[in-house]
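Peer 1: Read in order, the letters of the sequence shown are residues 1 to 245 in our numbering. Could you have a look at this structure, given as C-alpha cells, before my questions?
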Amino acid sequence: MSAHDDGYENVSDDDYGYDNNAAAADDDVDAFFLIHFTLILLFPIPGGSLVNYLSTAIQSMKVDLSKWQLFFCDERFVAENDSDSTYGVYKTALIPKTSLKEEQFIWIDLSGTVEECAHDYEKKILKEFDMEQAVVPRFDLLLLGMGPDGHTCSLFPGHKLLEENHKLIAAIEDSPKPPPKRVTMTLPLINNASCCLFAMCGEGKADMVKKVFVDKEPLPAGLVQPTNGDLICILDEAAGKYVKQ
C-alpha cells in the first residue's frame with residue numbers, strides 16, 4: 001500500500017525468511033515485482049535476511065530475469081570477501097540460487113579512493129541510462145532498509161550528505177556505523193525513483209517505524225519522498241505494531 005495514503009501493510013515474519021506462518025506478502029510482493037520494468041536496486045540489511053527473502057521470492061516469480069539490471073544503493077569500502085561487503089553477500093547468497101548472472105550487477109569499483117569510487121559509480125549509472133550528467137536517472141524500484149537510528153542507504157542523521165543536491169553518488173568517510181568509509185546514493189537520486197519500497201521486520205524496528213512514518217520526524221528514512229513516484233512500506237506485525245491499520 002502506498003505511504004502517500006498513510007497506508008501500511010502488515011505481513012508475517014515468514015515472508016522475510018523467519019519462522020512464523022506465511023502467505024500474504026509473497027503474493028503481494030511477487031505481483032509488485034511483476035508490474036515493474038527492468039531495473040531493481042539492491043541494498044544490504046543486517047543478517048542477510050533480505051538476500052534470503054529475495055532468493056525465495058525470485059525463484060517463485062515467472063519473469064524474465066535476463067532483463068533485470070541490479071544496482072546498489074550503497075556499498076561499504078571493504079574487500080569483496082569481507083563480511084561487510086554488500087556485493088559479496090549478493091554474489092554468494094543470491095546469484096547461485098537464481099538465474100541472475102554476475103554481469104547483471106552494476107557493481108561499485110573499490111580500487112581507488114572512496115571519492116574516486118563514488119565518482120566512477122555515478123558515471124556507470126549515467127552510462128547505463130544513456131544520460132548526461134545534468135539529468136537524474138529514474139529507477140523503477142528502490143528497495144530500502146532503515147537502521148535503528150533512522151538511517152537509510154549510508155545517509156545518517158545529522159550528516160552533511162543529507163544536504164547534498166548536486167552529486168548522485170557520494171563518498172562518506174566518517175560513517176557513525178562501521179565501516180567508516182562508504183559509497184552511497186544521495187536523496188536527489190533516491191527521490192527520483194518510480195517507487196521506493198521499505199521492507200522492515202522485527203520488534204526492534206517498531207519504535208523507529210513510528211518515529212519516521214507515523215510521527216514524521218525528519219530522520220534520513222523520512223526524507224525519502226519520491227517527487228513523482230510511490231512510497232511503499234512492507235512491515236511484519238512486530239515492526240508495524242504502532243502503525244494504525
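Yeah, the Cβ is synthetic: ideal placement off N, Cα and C, and Gly gets one too.
Span of the alpha helix (DSSP H) holding CYS201?
Peer 2: From DSSP, CYS201 is part of no alpha helix (DSSP H); its letter is neither H nor E.
Peer 1: Determine which residues share a DSSP beta bridge with MET185 and list them.
Peer 2: ILE169
Peer 1: Which value, in whole angstroms, describes the spacing of the CA atoms of LEU235 and ASP174?
Peer 2: 30 Å
Peer 1: Let me make sure I understand the geometry here. Which of ALA199, GLN59, SER66 and ASP74 has the alpha-carbon closest to that of LEU155?
Peer 2: Nearest C-alpha to LEU155: ASP74.
Peer 1: Does GLN104 come out as helix, strand or coil in the three-state DSSP assignment?
Peer 2: helix
Peer 1: Distance, Cα to Cα, VAL135 vs LYS123?
Peer 2: Between VAL135 and LYS123, the C-alpha separation is close to 12 Å.
Peer 1: Tell me whether MET146 is buried or exposed, calling it buried when 16 or more other Cβ atoms sit within 10 Å of its Cβ.
Peer 2: buried
Peer 1: Among VAL78, ASN228, ALA170 and LEU144, which one has its Cα closest to the Cα of VAL51?
Peer 2: When the alpha-carbon of VAL51 is set against those of VAL78, ASN228, ALA170 and LEU144, the nearest one is in LEU144.
Peer 1: Can you tell me where the alpha helix (DSSP H) with GLU217 in it begins and where it stops?
Peer 2: Segment: none, GLU217 is in no alpha helix (DSSP H) and carries neither H nor E.
Peer 1: Verify whether the separation of the beta carbon atoms of GLU80 and TYR87 is less than 8 Å.
Peer 2: yes
Peer 1: Are ILE108 and GLU102 touching if we call contact CB-CB under 8 Å?
Peer 2: no
Peer 1: Go to ILE232, then tell me how far its beta strand (DSSP E) extends in each direction, as first and last residue.
Peer 2: 230-236
Peer 1: Mind checking whether VAL214 and CYS196 have CB atoms under 8 Å apart?
Peer 2: It is not a contact, given that the beta carbons lie outside the stated cut-off.
Peer 1: May I have the straight-line CA-CA distance separating ASP6 from MET185, to the nearest angstrom?
Peer 2: Low confidence applies to ASP6: its pLDDT is 48, below 50, so where it sits in the model is not reliable, and the reading given next is rough at best. Inter-residue distance for ASP6 and MET185 is about 25 Å (C-alpha atoms, whole angstroms).
Peer 1: Using the beta-carbon count (16 or more within 10 Å), is SER60 buried or exposed?
Peer 2: exposed
Peer 1: Within the continuous beta strand (DSSP E) that includes GLU75, where are the two ends?
Peer 2: 74-76
Peer 1: Find the nearest neighbour of PRO180 within the set GLU132, ASP149, SER111 and ASP84, judged by alpha-carbon distance.
Peer 2: Distance check between PRO180 and each of GLU132, ASP149, SER111 and ASP84 places ASP84 closest, using alpha-carbon atoms only.
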